[in-house]
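K.L.:
Under my numbering, the letters of the sequence shown match residues 492 to 574, in that order.
One structure, as structure tokens, below. Some questions next.
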Amino acid sequence: MPPLAFSQTHGSSFERLGRRVQRLICSPHVQKVQVVDVLPEPSETLGDWSRLIEELEGTPGIRVDRLEAGAIRIGWREYIDAI
492 MPPLAFSQTH
502 GSSFERLGRR
512 VQRLICSPHV
522 QKVQVVDVLP
532 EPSETLGDWS
542 RLIEELEGTP
552 GIRVDRLEAG
562 AIRIGWREYI
572 DAI
């Protein structure tokens, strides 16, 4: 079998975290309510979480609230309602 033309690596830990959050956001239920609570998994680093929160907070139209146990709530309804 010939080698694949694309990489089979799973990416960095930050990329994996980003893909996990993206999958949660893409859920039909989450798209309807326009908010999702995300709790860190044991395998995710504090550095990756800090970077994710920083990048989300810097994104126009996205609201990030810090919850108990290190969880975050990501919402975007206010932005949609303002349009």
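Think of the CB as a built atom: it goes at the ideal place given N, C-alpha and C, for glycine as much as any other residue.
What residue from 529, 505 and 552 has the CA that sits closest to residue 559's CA?
P.N.:
When each option's Cα is compared against that of residue 559, the closest is 529.
K.L.:
For residue 515, count the other beta carbons within 10 Å of its own beta carbon; 16 or more makes it buried, fewer makes it exposed. Which is it?
P.N.:
With fewer than 16 Cβ atoms within 10 Å of its Cβ, residue 515 is classed as exposed.
K.L.:
Measure the alpha-carbon distance for residue 540 versus residue 568 and round it to whole angstroms.
P.N.:
Straight-line Cα distance between these residues: approximately 23 Å.
K.L.:
Specify, as a first and last residue, the run of the beta strand (DSSP E) that residue 563 falls within.
P.N.:
Looking at the DSSP string, the run of the beta strand (DSSP E) that includes residue 563 is 563 to 566.
K.L.:
Where in the stretch 499 to 565 do unbroken runs of the beta strand (DSSP E), each at least 3 residues long, occur, reported from the N-terminal end onward?
P.N.:
Those beta strand (DSSP E) runs which fall completely within the stretch 499 to 565 and span 3+ residues are 526 to 529 and 554 to 557.
K.L.:
Quick check: the Cα distance between residue 542 and residue 566, rounded to an integer number of angstroms?
P.N.:
About 17 Å.
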